[in-house]
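Read through the structure below, which is laid out as structure tokens, and then see the notes.
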Amino acid sequence: MEREESGAAAAAPPRGRRLQGLRCPGPRCLPETPGPRRERAAAAKKYNMRVEDYQPYPDDGLGYGDYPMLPNKSQYERDPWYQWDQPDMRYNWGEPMHWDFDMYIRNRVDTSPTVVPWHTMSKHFLLFLGTMLIMFGLGEIYPSYRPVGPKQYPFNDLYLERGGDPNKEPPEVIHYEI
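When we follow the working numbering, the leftmost residue of the sequence shown carries the number 3, and every step to the right adds one.
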């Protein structure tokens, strides 16, 4: 009973080695693995890429397979005036998508270079933060409160509600208009 395997995952074991419980007497039952150049060309064709542009992810056990490693660029960096097949995504039919495509869509990360350098932005932020801290510190040292008068209540300063004697005449309270 002979067993045939195909694909890039099948490597040629040495002669006489068992393949999943079957005896392989020689090279006639071993799969013929194409050279790396042919594999690379076939994978590039599968993803509609040129062989020079095709670079697969390294095999680190995460299961990328032969998927191409595309540059980490957001869709903002793509030409907005080009006639895309899907203009809202700036994507053409048959074009390979980035492995982390959902991270680089237009309403997420923008990887395009900033107009203002980072060191200038950080200086401005630290200047703003320092100014605000100084202002809050001065506000704590020298507080300013609005002047207020004593609280005024209606109905003779709530005489009955505060436990006053209903048989007695309440003292007269003068309310001032401010």
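Here a beta-carbon is modelled for each residue, glycine too, at the ideal position from N, C-alpha and C.
Classified as exposed, residue 89 has fewer than 16 neighbouring CB atoms from the shown chains inside 10 Å of its CB. Here the alpha carbons of residue 139 and residue 124 stand approximately 22 Å from one another.
For residue 85, the three-state secondary structure derived from DSSP is coil. The beta carbon of residue 79 sits closer than 7 Å to the beta carbons of 113 and 114 from its chain, once the five residues preceding and following it are set aside; these are given in chain order.
Residue environment analysis places residue 92 among the buried positions, since at least 16 neighbouring C-beta atoms fall within 10 angstroms of its C-beta. Assignment of residue 156 by DSSP, reduced to helix, strand and coil, places it in the helix class. The alpha-carbon separation between residue 74 and residue 126 amounts to approximately 28 Å.
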